[in-house]
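Heads up: the sequence shown begins at 848 in this note's numbering, then just goes up one per residue.
Read the structure below first, then the notes.
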Amino acid sequence: MSLLALSPKASALKDKLEKFVNERCIPAEKEYDRHIEQFSGADRWSPAAVPPVLKRLKSEAQALGFWNLFLPHPVPDALLMGGSRSGGENDVSVTPSMYLSNREYGILCEIMGRSTLTPEACNCSAPDTGNMEVLLKHGTKDQQSKYLKSLLRGEIRSCFLMTEPDVASSDARNLETKLTKIVGEDGRVKYVLNGKKWWSTGAMDPRCKVALVVSKMDYSHPSCSSEREKMQSKRGNQTVVIVPMPHPGIKCVRPLTVFGYDDAPHGHAEVWMENVELDESSVVLGEGRGFEISQSRLGPGRIHHCMRAVGLAARCYELMLERTFQRQTFGKYLHEHGSCRELIADSKSDLEAARLLTLSCAEAIDRLGAKGARDKIAMIKVTVPELTSRVVDRAVQIFGGAGVCGDFPLARALVGLRTLRIADGPDAVHKQSLALLELKQAKKRIHSRM
């Protein structure tokens, strides 16, 4: 079966999505930017700064059947109560119009990636999708009722706090945010969260109402003396907790910029947590299960990121092609120069390689699960951002000065794709993981012949 094959129903959905992106989302980008430009300073993260065009696009996406297409399996019945099925006047159904495989959704992700507005318009944007998958897979009924239902409806947004400013967070064992466990005389357990995080995407968003925080268990309190040996574990201390936002113990210290872009009103923040008191209902899955949770949200998430990157690079590539027919140098159109044709050929090859490698990974996840596709997941994390970055960089070169200004989407696209080589772990970490997997397989083959 071709990696690009779709069922008739999915193919019809793809055609509708392409029309929605090209006719509704891409034209709305200028309106979005003009609205944000009206605000400065802290006001860029105020409710008024959220562009109204998003609400309009969300309504259209829901009506067209693009809502929550990322969902990997059916939503529990308890979460469907109160939606459009029960006649709620302003409610929407949280279920997608159809359930897709990772490979099928990857094909649609490429189309979504062509516009920065489409993923959010379809309620399919990070970090919400990963957080929803965590709550759907690991959350208790109470956690799902409090947070997952509102996220699925697109009523709120969320953030995922892992990276820290004071340590190399690509090695999760370095994390210093502490979750101190305290057992009261009545046997009740409470936790106290302290630490610093940064690159907390969405933490300053006025719509953010819940944070998933990766912390390290601390059993130093006298009431936990019998559990202190657990602190020696290399991977058994990471724990994910849910914190309602805003919270009096959590302070967003400052917004962070990515090559000068602040990405308001969603953005990225440095966050300090001071004596945030939580109870047992805030722990996801259990103490020491943080590494397992973090890994479970990364497999499908990598497919989403990579295919959106392919879509964005494909849009830039098409703009590059158009430019070569519009501009002349030395008596020729740009496309008539041999050097320009070489850039076009290289870009087409890189795009196709990135697309097929990612869809091959998605097919492996569908067939083997994320654990069985670890090698391919590592491959796309390293290779796809680099391939797509090269495509956009060539487009910038063809555009010249226009390529590095805000008149075209090229500069922002290049920034986003370069950042992907760091987000969710730098290239070096994933290359090491891939090499270790390959060496393990090589050892097995060598021993089998002995």
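Where a beta carbon is used, it is the ideal one built from N, C-alpha and C, also for glycine.
Since the model is a prediction, treat every value here as computed from it, not as a measurement.
Let's test the definition: count the other Cβ atoms within 10 Å of the Cβ of D975 and tell me whether it reaches 16, buried, or not, exposed. buried
For this session: Tell me where the beta strand (DSSP E) around I1003 begins and ends.
Result: No beta strand (DSSP E) holds I1003; DSSP gives it neither H nor E.
| message | Rounded to the nearest angstrom, what separates L1261 and P966 at their Cα positions? | response | 18 Å
Query raised in the report: With burial defined as no fewer than 16 other Cβ atoms inside 10 Å of the residue's Cβ, what is the status of P943: buried or exposed?
Result: buried
Which word fits F913, buried or exposed, when buried means at least 16 other C-beta atoms lie within 10 angstroms of its C-beta?
-> buried
> Within this structure, are the beta carbons of D1109 and R891 separated by less than 9 Å?
Replying inline: yes
Handout entry: Strand pairing of H1115, partner residues [DSSP]
Key = T1048 and L1103
Looking at the structure shown, is T1171 part of a helix, part of a strand, or coil, going by DSSP?
-> helix
Can you name, in chain order, every residue of its own chain whose Cβ lies under 7 Å from the Cβ of A1249, other than the five neighbours on each side?
F1255
- Can you check whether the CB of H1151 is closer than 9 Å to the CB of C969? no
Please classify M979 as buried or exposed, where buried requires at least 16 neighbouring CB atoms within 10 angstroms.
buried
Inset, instruction - Can you grab the Cα-Cα spacing for the pair K1291 / A1156, in whole Å? - result: 35 Å
* Asked: Can you tell me whether DSSP reads D1126 as helix, strand or coil?
  -> strand
request  = Starting from the C-beta of A815, find all residues in its chain whose C-beta is less than 6 Å away, skip the five residues before and the five after it, and write them out in chain order.
outcome  = Because the chain is modelled from 848 through 1297, residue 815 falls outside the range shown and cannot be assessed.
Which term fits D1126, buried or exposed, when burial requires 16 or more other beta carbons within 10 angstroms of its beta carbon? exposed
Alpha carbon to alpha carbon, how far is F1106 from C971?
-> 25 Å
Can you list, in chain order, the residues of its chain with a C-beta nearer than 6 Å to that of E936? Leave out the 5 residues immediately preceding and following it. Because the pLDDT of E936 is 41, which lies under 50, any placement of that residue in the model is unreliable, and the question is left without a value.
- request: Name the residue from L1059, L850 and M1120 whose alpha carbon lies nearest to the alpha carbon of T1024.
  value: M1120
Closer than 6 Å by C-beta to C1330: which residues in its own chain qualify, once you throw out the five before and the five after it? Chain order, please. Coverage of the chain is limited to positions 848 through 1297, which leaves residue 1330 absent and any answer about it impossible.
TODO: Go through its chain and collect everything with a Cβ distance to L901's Cβ below 8 Å, but skip five positions before and after it.
DONE: Y879, L964, E967 and A968
Report task. Check each candidate in T1086, V1030 and N1041 and name the one with the smallest Cα separation from S1073. Result -> V1030
Next on the checklist: Using only CA atoms, which one of G1247, V1060, E1169 and I1224 lies nearest to D1274?
Outcome noted: I1224
What do you get for L1283, buried or exposed, if any count of 16 or more other CB atoms within 10 angstroms of its CB means buried? exposed
Three-state secondary structure (DSSP) of Q885: coil
Is it the case that the stretch 1208-1218 contacts the stretch 861-870, given that we only count it when at least three CB pairs across the two stretches are under 8 Å? no
Q) Among H1184, A1111 and L1168, which residue has its Cα nearest to the Cα of K896? A) Correcting the residue type first, residue 896 is Ala in the shown sequence and not Lys. Residue A1111 is the option with its Cα nearest to A896.
- Nonlocal neighbours in the same chain, by C-beta distance under 6 Å from L918, ignoring five residues either side: P943
| query | How would you call H920, buried or exposed, if buried means at least 16 neighbouring beta carbons within 10 angstroms? | reply | exposed
Just how far apart, CA to CA, sit S933 and W1046? Bear in mind that the predicted position of S933 carries a pLDDT of just 42, short of 50, making it unreliable; the figure below should be weighed with that in mind. Rounded to whole angstroms, S933 to W1046 spans 39 Å at the Cα level.
What distance in whole Å lies between the Cβ atoms of T1048 and H1094, which are believed to be in contact at a cut-off of 8 Å?
Going by Cβ atoms, the distance from H1094 to T1048 rounds to 17 Å, so no, they are not a contact pair.
With DSSP run on the structure shown, which of helix, strand or coil describes C1055?
strand
By DSSP, does I1089 sit in helix, in strand, or in coil?
strand
Point to revise | Start-to-end residues for the alpha helix (DSSP H) that takes in L955 | key: N949 to M959
Item to complete: Since I believe L995 is in contact with L926 (beta carbons under 8 Å), could you give me their beta-carbon distance rounded to a whole number of angstroms?
Response: 6 Å
*Should G1146 be labelled buried (16 or more other beta-carbon atoms within 10 Å of its own) or exposed?*
buried
(Q) Taking only three categories from DSSP, how would you classify T1010? (A) coil
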